[in-house]
Amino acid sequence: MSTSAGMPQPLAATRQRVRDELRERILTGRLRPGDRLVERELAEDLGVSRVPVREAIRSLEAEGFLAVQSPRRVVVRQLARVDVEELFDVREALEGLAAGLAAERATPADLKRLERALDAAAKATVRGDGTRIAALNVRFHDEIVAIAGNTLLSTVLQPLEGRLRWLTSQNEHWADLLDEHRRLYEAIASGDAERARTSAAEHVRVNREVTVATLFAGEDRVTG
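For the sequence shown, the residue numbers in my numbering are -1 to 222.
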């Protein structure tokens, strides 16, 4: 593997590239739950040695995307309902915190960035561009976390970001999602932290219902 200058790419950069590529394939559905990952085949496909592939697999296992069923069998993990419910519990708590802090700290420039993300999402929604919508939704929430300005919050969210992005991509009610983001923006722009927290929590709860219904259609709702 070489850079454009013809020099070998550092192992750390290669490992990150391979990890990011495999994660992206999972998030976009090119690799689906139950699909097997074979080190040799992936190394040939990506033009790298098996070492960065092996390390990327370990990293993605830690992130919750892969399951090691035996020393020679690694598959894309099928999230159980309890996994999804727990992720949404954590997401509701952390995004509520982020929105409240953002309401207290947002500058006019910060709000302009959120507006631009919403404008771009509106155009993608009109086009029906699901891939673009998913990316802009991630951008919108990332901006809120950045505005919140809490380093520990960002650190806690980092290992969850991929799975949270995957959950968000399951919601294809794009017009409704855009409306929810607009309400969340308005709550943050108001400067009212409690209103922003409430709006964020409601947004997550609605997204939870849609995602669970999509992923587990036909299952009885677990109560209690």
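A virtual CB, placed ideally from N, CA and C, is assigned to each residue, including glycine. Here the structure is a predicted model, which is why all the values come from computation and not from measurement.
Please list, in chain order, all residues of the same chain as I131 whose beta carbon is under 7 angstroms from its beta carbon, the five residues on each side excluded. A119, A122, T123 and W172
From which residue to which residue does the alpha helix (DSSP H) around R28 run? From DSSP, R28 is part of no alpha helix (DSSP H); its letter is neither H nor E.
Just the Cα atoms here: how many angstroms apart are D190 and T129? 32 angstroms
Alpha carbon to alpha carbon, what distance is there between E59 and E90? 24 angstroms
Name the DSSP beta bridge partners of V72, please? V72 is bridged to L35 and V66.
Can you say whether G160 is buried or exposed, counting buried as having 16 or more other CB atoms within 10 angstroms of its CB? buried
Using 8 angstroms as the threshold, is the segment 100 to 110 in touch with the segment 162 to 179, meaning 3 or more CB pairs across them? no
Sufficient close CB pairs (3 or more, under 8 angstroms) joining the segment 146 to 162 to the segment 176 to 189: no
Whole alpha helix (DSSP H) elements within the segment 74 to 157, 4-residue minimum: Listed in chain order, the complete alpha helix (DSSP H) runs (minimum 4 residues) inside the segment 74 to 157 are 79 to 103, 106 to 125, 128 to 146 and 149 to 155.
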